[in-house]
Amino acid sequence: MTAVPIAERMPRESAVSRMWLFVKRHVLTVYAILAFVYLMLPIAVVIAFSFNSPKGRFNYTWDGFTWNNWKNWDGVPGLRSAMVLSIEIALLASLIATALGTLIALALVRYRFRGRGATNLLIFLPLSTPEIVLGASLLTLFLNVTSAITFGFSTILIAHVMFCISFAVVTVKARLIGFDRHLEEAAMDLGANEWVTFRKVTLPLIAPAILAALLLCFAISIDDFVVTYFNAGPRITFPLFVWGAARVGAPPQVNVIGTTIFLVAVVAMVVNVLFQMRRERSAATT
Amino acid sequence: MGFLHRHQNLTPYLLLAPGLLYLGLFFVVPLGFLAYQSLESGSFDVGYAFTWAWGNYWDAIQNYRGHFIRSLEYAAIATLLALLFSYPLAYWIAFRGGRWKNLLLLFIVAPFFVTYLIRTLAWETILADQGLVVRVLRDVGILGHDGRLLATSTAVVAGITYNFFPFMALPVYVSLEQIDERLIEAAQDLYASRWKAFIRVTLPLSLPGVVAGTLLTFIPAAGDFINAQLLGSPKNHMIGNVIQSKFLELTDYPAAAAMSFVLMAAILLMVAVYARAVGTEKLTG
Amino acid sequence: MTDVLTRRDLLRRAAASGAFLTVPGVLAACGGSSSKSSSSGSDHTLAKTLHFSNWPLYIDVDEKTKKHPTLDMFTKKTGVSVQYVEDINDNATFFGKIQGPLSRGQSIDRDIIVMTDNSRYPSLLIKKGWVEKLDKSAIPNFKNLEPALQHPNWDSNRDYSLPWQSGLTGIAYNEKLTDPVLTVPDLLDNPKLKGKITLLQGMGDTMPLIFAANGDDPEKVTDASWERAIKVVKKAVDSGQIRQFTGNDYSGPLAKGDLSACVAWSGDVVQLQADNKHLKWNLPKEGGGIWTDNMLIPKGGNVYTASVYMNFVYEPHIAALIEDYVNYICPVKGAKQELEKIDPSVANNTLIFPTNAMLDNAHNFDAAALNNEKYITEWQNLISS
Numbered sequence: 079m080t081a082v083p084i085a086e087r088m089p090r091e092s093a094v095s096r097m098w099l100f101v102k103r104h105v106l107t108v109y110a111i112l113a114f115v116y117l118m119l120p121i122a123v124v125i126a127f128s129f130n131s132p133k134g135r136f137n138y139t140w141d142g143f144t145w146n147n148w149k150n151w152d153g154v155p156g157l158r159s160a161m162v163l164s165i166e167i168a169l170l171a172s173l174i175a176t177a178l179g180t181l182i183a184l185a186l187v188r189y190r191f192r193g194r195g196a197t198n199l200l201i202f203l204p205l206s207t208p209e210i211v212l213g214a215s216l217l218t219l220f221l222n223v224t225s226a227i228t229f230g231f232s233t234i235l236i237a238h239v240m241f242c243i244s245f246a247v248v249t250v251k252a253r254l255i256g257f258d259r260h261l262e263e264a265a266m267d268l269g270a271n272e273w274v275t276f277r278k279v280t281l282p283l284i285a286p287a288i289l290a291a292l293l294l295c296f297a298i299s300i301d302d303f304v305v306t307y308f309n310a311g312p313r314i315t316f317p318l319f320v321w322g323a324a325r326v327g328a329p330p331q332v333n334v335i336g337t338t339i340f341l342v343a344v345v346a347m348v349v350n351v352l353f354q355m356r357r358e359r360s361a362a363t364t
Numbered sequence: 008m009g010f011l012h013r014h015q016n017l018t019p020y021l022l023l024a025p026g027l028l029y030l031g032l033f034f035v036v037p038l039g040f041l042a043y044q045s046l047e048s049g050s051f052d053v054g055y056a057f058t059w060a061w062g063n064y065w066d067a068i069q070n071y072r073g074h075f076i077r078s079l080e081y082a083a084i085a086t087l088l089a090l091l092f093s094y095p096l097a098y099w100i101a102f103r104g105g106r107w108k109n110l111l112l113l114f115i116v117a118p119f120f121v122t123y124l125i126r127t128l129a130w131e132t133i134l135a136d137q138g139l140v141v142r143v144l145r146d147v148g149i150l151g152h153d154g155r156l157l158a159t160s161t162a163v164v165a166g167i168t169y170n171f172f173p174f175m176a177l178p179v180y181v182s183l184e185q186i187d188e189r190l191i192e193a194a195q196d197l198y199a200s201r202w203k204a205f206i207r208v209t210l211p212l213s214l215p216g217v218v219a220g221t222l223l224t225f226i227p228a229a230g231d232f233i234n235a236q237l238l239g240s241p242k243n244h245m246i247g248n249v250i251q252s253k254f255l256e257l258t259d260y261p262a263a264a265a266m267s268f269v270l271m272a273a274i275l276l277m278v279a280v281y282a283r284a285v286g287t288e289k290l291t292g
Numbered sequence: 006m007t008d009v010l011t012r013r014d015l016l017r018r019a020a021a022s023g024a025f026l027t028v029p030g031v032l033a034a035c036g037g038s039s040s041k042s043s044s045s046g047s048d049h050t051l052a053k054t055l056h057f058s059n060w061p062l063y064i065d066v067d068e069k070t071k072k073h074p075t076l077d078m079f080t081k082k083t084g085v086s087v088q089y090v091e092d093i094n095d096n097a098t099f100f101g102k103i104q105g106p107l108s109r110g111q112s113i114d115r116d117i118i119v120m121t122d123n124s125r126y127p128s129l130l131i132k133k134g135w136v137e138k139l140d141k142s143a144i145p146n147f148k149n150l151e152p153a154l155q156h157p158n159w160d161s162n163r164d165y166s167l168p169w170q171s172g173l174t175g176i177a178y179n180e181k182l183t184d185p186v187l188t189v190p191d192l193l194d195n196p197k198l199k200g201k202i203t204l205l206q207g208m209g210d211t212m213p214l215i216f217a218a219n220g221d222d223p224e225k226v227t228d229a230s231w232e233r234a235i236k237v238v239k240k241a242v243d244s245g246q247i248r249q250f251t252g253n254d255y256s257g258p259l260a261k262g263d264l265s266a267c268v269a270w271s272g273d274v275v276q277l278q279a280d281n282k283h284l285k286w287n288l289p290k291e292g293g294g295i296w297t298d299n300m301l302i303p304k305g306g307n308v309y310t311a312s313v314y315m316n317f318v319y320e321p322h323i324a325a326l327i328e329d330y331v332n333y334i335c336p337v338k339g340a341k342q343e344l345e346k347i348d349p350s351v352a353n354n355t356l357i358f359p360t361n362a363m364l365d366n367a368h369n370f371d372a373a374a375l376n377n378e379k380y381i382t383e384w385q386n387l388i389s390s
């Protein structure tokens, strides 16, 4: 049965109803544009004020354009060490969390076992617990456990791995669900043992998922404030630095770092997306 | 064949062990400590003792009832606003995006790569009393001639809505994107108007995403304290602010611990009510 | 003191048990070894770096280079570089940050911190044993301490602390946005100021002003006078008169124009005038607050190096240089004369050299009240209502 084209069914339109149709057609687009503006507004402010040359301590009103903040991004004491710490933690935490999370995802998707429901619950719970409770409970643990764990790098890392695992599991699991087991079976039928199969067949195919999980965990870790606030002891990560600096007047260099993180992330994602689009296009044409 | 192949039963448990043990140690155990602490009494100076002090819970609910209600209120309003704002946007990208879908999606997500605190501070600049936005609103009459946005509940809710926007937008987008357009075409072939097709076909199919987005937004929002601290006044403080100060500044650990559990219970209650209304299979999995 | 596992122990254990179990252990050892510094006072060698946490706007700053001249002078004289962090915004908040590690006997990577005596924390830190004794043998300039400050009741021999600056709490206002605000009732009742004022979140900071405005004595708090004061503040909070309770972070909104007036510390306004020249400060007519900020050495800090620095800033000449910039009340005898030599115009600066009339009109807050659990809870509920 062929569908009757809509235009043939409609009665002849007046100019008004045609205009109305035009508006209806495009209202969604207009809305989308406005929404994008709303989303980008604070970012624009952050970027703009990274070029501001404030006359006093506070970077609230526009006083003049300067490249100095970018040239002298390092000029604020404590900023560099905070940034370095944040990156170190994010790297380590995302690696560990992704490793642990991938293993869990593999188990969840491919095997039937008792306690699957409980496992799902245990993975879901950290995602559904408010950060303040996560931070406070970890603090309570560290305060009551023996002094083997020093407040500082270790406590921050432990906390970050903890809340990243669930994200890693969810990300890898989503990709694993569509994975074809027959490929692995075929490899083993052809004589490969499990380890070789895993290395040469499984791993490359789930690599994009693992990469996605790594990136997600990295982004979450580098941005975390609440849980870190409770458990950092004397160490200062970049978000903690921003919090402290904001109380007394955040210097424009904070905007510079914020903008840089933003640009790096955007470039990475654009590259990834364009890459994907090219792959889809070439897959479609073969 | 291989060892793992022969011992198939063991494999899943071996895979699960490291990760689950880690979560057990650093998620479940701390909550246990927190629960233990919530039943202690005493003070920071003299020390705490475990006394089954259920009174802490009662005190938490009684003394801070306003804060709890306000937190749930703000979180609910912000979640609703986020849904209303992000649904049309997600729809537009999913159905009109074409080849550029992923790139457009980027535009939703990109702003949230700037550190949470920096974004919120930017709102503090944008909504400043002497700033452009407030001045325009005053001229137009929306705000009284002495009105302001900062240090009001409006600013706090607006901040929460903005900051948790992608948590709503992304799940909604994912479920919208998966809808087979042929279903909508079929509905229209059966003489449904565009609007009817949306209500009867698209909306129900996007419900899993809406549910996921709602949960991912509401739950963290209820425990937030940063927006209230930076954009609000003491009258807008949420339960997160109180827990934070009780823990860190007043070192009143038992009260803070009790409050944390009451918060979690309140959230779980709201989620249960919501799940009942919507259907529970959509939640986990 | 914590036991740090030796590397060999850890490696042996790592071989035996699962890898993930020792990750925290390994990291603890790595983290642990770097944060332990020699904390015994009898060690007379200088550390390479002095870690100094202080309040903002509290040390001399060269406007152009943004460096701190007196710190550079210290480095030149002793070879010790100073890591100066302005991370103290409020006593309670800073305490919250450090109490975790300190309660486990861990160092907080600071050699000197500065806390105010109108909060309960200096005495609490001493009581809990979380601060080190000063090495007085390294502080011959101790004799320059003003007599009035030599025997505070929470550290009667000055074994653990040395004043950094004293200061006054009063009312700051923006003359472009409001008529002069000179009394507390004006601040709290004037409808034109609604939603445009802040009070300080420290109980010992704000309450002296409220008590004085009520005609009560802040240095002898009774339940009745406390009730009266709480009622006044609560009324202002409920009516929306008070926008927020702040630590040192009133300075941004005040400079920005979000605030027309606020309870503020005396010296801050002078530095803020670089951002906004319309800011003014006054002691309220009915009475304001006076307090002293104290240098303390947290457990794990390097006592000798910290003491040497303290000696350095008690040199009248150095004290004068700092004073010229921060405009607070100097605890060092002889600084006044030095200051008049460097900058004669400053001799008339009543912020640095308050008149006797001003000093009579400024009050401490009752130390017992600071530790009263009931008052503490009521105050906390008020500022987070």
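Chains as they are written, first to last, in our numbering: chain A, 79 to 364; chain B, 8 to 292; chain C, 6 to 390.
Every residue, glycine too, gets a C-beta built ideally from N, C-alpha and C.
None of the values given here were measured: they were computed from a predicted structure.
Closer than 7 Å by C-beta to C242/A: which residues in its own chain qualify, once you throw out the five before and the five after it? Chain order, please.
In the first sequence, residue 242/A corresponds to position 164, counting from 1. Around C242/A: A171, S172, A175, C295, I298 and S299.
Anything in the region 240–268 of chain B with a Cβ closer than 7 Å to a Cβ of chain C? List those residues in chain order, please.
Within the region 240–268 of chain B, the residues whose Cβ lies closer than 7 Å to any Cβ of chain C are, in chain order, S240, P241, K242, H244, N248, V249, S252, L255, E256, L257 and T258.
Taking 8 Å as the cut-off, does the region 179–187 of chain B touch the region 252–260 of chain B (at least 3 CB pairs, one atom from each stretch)?
Fewer than three beta-carbon pairs drawn from the region 252–260 of chain B and the region 179–187 of chain B are found closer than 8 Å, and the two stretches are therefore not classed as touching.
In chain order, what residues of the region 132–150 of chain A put their CB closer than 9 Å to some CB of chain C?
In summary, the residues of the region 132–150 of chain A whose CB is separated from some CB of chain C by less than 9 Å are P132, K133, G134, R135, F136, Y138 and T139, in the order they occur in the chain.
Got a sec, what are the start and stop residues for the alpha helix (DSSP H) E131/B sits in?
Within the second sequence, residue 131/B is the residue found at index 124, counting from 1. Y123 to I133 is the extent of the alpha helix (DSSP H) around E131/B.
Give me the subset of the region 144–162 of chain B whose CB atoms are less than 7 Å from a CB atom of chain C, sorted by chain position.
Hits within the stretch, in order: R155, L157 and A158.
Can you name the start and end residues of the alpha helix (DSSP H) that I84/B belongs to?
Position 77 of the second sequence, counted from the start, is the residue given in the question as residue 84/B. R72 to R103 is the extent of the alpha helix (DSSP H) around I84/B.
If we define contact as Cβ-Cβ less than 9 Å, is A279/C a contact residue for chain A?
As a position in the third sequence, residue 279/C is number 274, starting the count at 1. Judged by the 9 Å Cβ criterion, A279/C is in contact with chain A.
Mind pulling the chain B residues with CB within less than 9 Å of V242/C?
Within the third sequence, numbered from 1, the residue matching residue 242/C stands at position 237. Result: S240, P241 and K242.
Taking Cβ positions only, does L221/A come closer than 9 Å to chain C?
Taking the first sequence and counting its residues from 1, one reaches residue 221/A at position 143. It does: the Cβ of L221/A has a partner Cβ on chain C nearer than 9 Å.
For V119/C, which residues of its own chain have a beta-carbon under 8 Å away from its beta-carbon, when the five flanking residues on both sides are left out?
In the third sequence, residue 119/C corresponds to position 114, counting from 1. Only S58, N59, W60, Y63, I93, W169, D298, N299, M300 and L301 meet the Cβ criterion.
Once the 5 residues before and after A85/B are set aside, which same chain residues still bring their CB inside 6 Å of it?
The count along the second sequence starts at 1 and reaches residue 85/B at position 78. When the five nearest sequence neighbours on each side are left out, the beta carbons in the same chain lying within less than 6 Å of the beta carbon of A85/B are those of V164, I167, T168 and A228, in order along the chain.
Give the secondary structure of P336/C by DSSP, where H, G and I count as helix, E and B as strand, and everything else as coil.
Against the third sequence, residue 336/C aligns to sequence position 331. In the structure shown, P336/C sits in coil (DSSP, three-state: anything other than H, G, I, E or B).
Are D259/B and T382/C touching if we call contact CB-CB under 9 Å?
Here residue 259/B corresponds to residue number 252 of the second sequence, with the count starting at 1. Here residue 382/C corresponds to residue number 377 of the third sequence, with the count starting at 1. The Cβ-Cβ distance between D259/B and T382/C falls below 9 Å.
Closest by CA to A290/A, which one among V250/A, K133/A and A168/A?
The residue given as residue 290/A occupies position 212 in the first sequence. The shortest Cα separation from A290/A among V250/A, K133/A and A168/A belongs to V250/A.
State buried or exposed for Q236/B, treating a residue as buried only when at least 16 other CB atoms are found within 10 Å of its CB.
The residue labelled residue 236/B in the question sits at position 229 within the second sequence. Counting Cβ neighbours within 10 Å, Q236/B comes out buried, since at least 16 surround it.
Find out if the Cβ-Cβ distance for the pair L277/C, S244/C is shorter than 9 Å.
The count along the third sequence starts at 1 and reaches residue 277/C at position 272. The count along the third sequence starts at 1 and reaches residue 244/C at position 239. Contact: no.
So who's on the other strand from M240/A, going by DSSP bridges?
If you number the first sequence from 1, residue 240/A lands on position 162. Checking the DSSP bridge columns, you'll see M240/A has no partner listed.
Assign G31/B to one of three DSSP states: helix, strand, or coil.
Walking along the second sequence from the start, residue 31/B turns up at place 24. Helix at G31/B.
What residue range does the beta strand (DSSP E) around L167/C cover?
Taking the third sequence and counting its residues from 1, one reaches residue 167/C at position 162. Its beta strand (DSSP E) spans residues S166 to N179.
Say whether the region 233–252 of chain B touches the region 28–47 of chain B, bearing in mind that this needs 3 or more beta-carbon pairs closer than 8 Å, one atom from each stretch.
The region 233–252 of chain B vs the region 28–47 of chain B: no contact.
If you measure beta-carbon to beta-carbon, which residues of the region 128–143 of chain B are closer than 7 Å to chain C?
For the region 128–143 of chain B, which is checked against every Cβ of chain C, the residues closer than 7 Å are A135, D136 and Q137.
Along the region 228–259 of chain C, where does the CB come closer than 8 Å to a CB of chain A? Name the residues.
Cβ contacts with chain A: G252, N253, D254, S256 and G257.
For R135/A versus G336/A, is the C-beta distance shorter than 9 Å?
To locate residue 135/A, count along the first sequence from 1; it is residue 57. To locate residue 336/A, count along the first sequence from 1; it is residue 258. Cβ atoms of R135/A and G336/A: not closer than 9 Å.
At what residues does the alpha helix (DSSP H) containing K307/C begin and finish?
As a first step, residue 307/C is located in the third sequence; it is residue number 302 there, counting from the start. Sequence check: residue 307/C is Asn here, not Lys. Going by DSSP, N307/C is part of no alpha helix (DSSP H) at all; its letter is neither H nor E.
Consider the Cβ of A171/A: report whether some Cβ of chain C lies at a distance smaller than 9 Å.
If you number the first sequence from 1, residue 171/A lands on position 93. A171/A does not count as touching chain C.
Endpoints, beta strand (DSSP E) assigned at E188/B:
Position 181 of the second sequence holds residue 188/B. Taken as a continuous stretch (DSSP letters only), E188/B belongs to no beta strand (DSSP E), being part of the alpha helix (DSSP H) at E188 to D196.
By the three-class DSSP mapping on this structure, what secondary structure does N222/A have?
Stepping through the first sequence from its first residue, residue 222/A is reached at position 144. N222/A: helix per DSSP, three-state reduction.
F79/C and F370/C look like a contact to me (Cβ under 8 Å); what is the Cβ gap, rounded to whole Å?
Along the third sequence, read from residue 1 onward, the residue named residue 79/C stands at position 74. Along the third sequence, read from residue 1 onward, the residue named residue 370/C stands at position 365. Not quite, the Cβ-Cβ distance comes to about 33 Å (not below 8 Å), so this is no contact.
Please return the same chain residues whose Cβ sits closer than 8 Å to the Cβ of L178/A, not counting the five positions on each side in sequence.
For the purposes of this step, residue 178/A is taken as the residue at position 100 of the first sequence. Same-chain partners within the cutoff: V239, I243 and A246.
If we cut at 9 Å on Cβ distances, does P369/A have a partner in chain C?
Nothing about residue 369/A can be reported from this structure: the residues present for chain A run from 79 to 364 only.
By the three-class DSSP mapping on this structure, what secondary structure does F120/B have?
One-based indexing of the second sequence puts residue 120/B at position 113. F120/B falls in the helix class under three-state DSSP.
Checking the sheet assignment: what are the DSSP bridge partners for A56/B?
Here residue 56/B corresponds to residue number 49 of the second sequence, with the count starting at 1. According to DSSP, A56/B bridges with S48/B.
Whether or not the region 200–218 of chain C and the region 169–176 of chain B are in contact is what I'm after, with contact meaning three or more pairs of Cβ atoms, one per stretch, closer than 8 Å; do they touch?
At 8 Å Cβ cutoff, the stretches do not touch.
Pick from F114/B, V249/B and R155/B that is closest to L117/A, judged by C-alpha positions
As a working mapping, residue 117/A is identified with position 39 in the first sequence. For the set F114/B, V249/B and R155/B, the Cα lying nearest the Cα of L117/A is the one of F114/B.
Spatial neighbours of N158/C within its chain, please: CB distance less than 7 Å, with the 5 preceding and 5 following residues excluded, ordered by chain position.
Within the third sequence, numbered from 1, the residue matching residue 158/C stands at position 153. Cβ-Cβ distances below 7 Å link N158/C to A372 in the same chain, with the five nearest sequence neighbours on each side left out; the list follows chain order.
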